[in-house]
Amino acid sequence: MSNQRFERLPAILLKSVPLFVLRPIAQHITVKIAKKHPHLFARLGKHTQTKYLIKPTNIPLVALLVPDQDKPTMQIFKNTQIPEYDAVIEGKFLFLLSMLDGVHDGDALFFNRALTIGGDTEAVVCLRNALDDVEGSVASDIADVFGVAGRSVLSFLRQKEV
């Protein structure tokens, strides 16, 4: 499968999945990550109430993360219904994944214009620094939630990484 066709695959697959299916899954993953890496959100200091919009440019969904240490939330929205946010991180899905996987440095992606940020840039930098300090891979932790299937999908995506 060519990379160009592959880049459209997540959009095709996710387009038909209802939000009521995705939302509890995203919330469950967020709680699991917060429990496994409690220091991740603690490191954000005053930014634990910041509303981070994660906006993959090649899929029809966005995620809104509020990294509250006691009650973190992740909500999923259609990209045509952008919620109110304080900070935004935007880029292709695989670039965003590679940051969670620790493969690519967020600064390098930003300066190469693979990622764009907006709103409260201090909050975005704090989140990036917190992710950099995580032992292991947040992407692997997310895949582990789904067991063998999740790890297989992540392995496939890693082969396609930019």
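FYI, the UniProt record's numbering numbers position 23 of the sequence shown as 23, with every residue one higher than the one before it. Where is the CB? At the ideal position from N, CA and C, for every residue including glycine.
- For the pair Leu14 and Leu65, the CB atoms are not nearer than the 7 Å cut-off.
- By DSSP's assignment, Val153 forms no beta bridge with any residue.
- Excluding sequence positions up to five before and after Leu44, its CB lies within less than 8 Å of the CB of Thr50, Pro67, Ala123, Cys126, Leu127, Ala130, all in the same chain and listed in chain order.
- Nearest C-alpha to Ile59 among Ala139, Arg23, Phe77: Phe77.
- Considering only Leu97, Thr30, Tyr52, Asp132, the residue with the shortest C-alpha distance to Asp86 is Tyr52.
- Between Lys35 and Asp141 a beta carbon distance of about 10 Å is seen, past the 8 Å cut, so the two are scored as non-contacting.
- Apart from sequence neighbours up to five positions away, the residues of its chain that approach Ala42 with a beta-carbon distance below 6 Å are Gln69, ordered along the chain.
- Taken in chain order, the complete beta strand (DSSP E) segments of 3 or more residues contained in the region 13 to 64 are 52 to 56.
- The alpha carbon of Lys55 has as its nearest neighbour, out of Lys32, Ile82, Val138, Ser98, the alpha carbon of Ile82.
- Minimum Cα-Cα distance from His39 among the listed residues Gly147, Val134, Val138 corresponds to Val134.
- With respect to Ala26, Met99 sits apart: the two C-beta atoms are not nearer than 7 Å.
- The three-state reading of DSSP puts Val66 in strand, counting E and B together.
- For Gln159, the three-state secondary structure derived from DSSP is helix.
- With a threshold of 16 other beta carbon atoms within 10 Å, Leu94 meets it and is buried.
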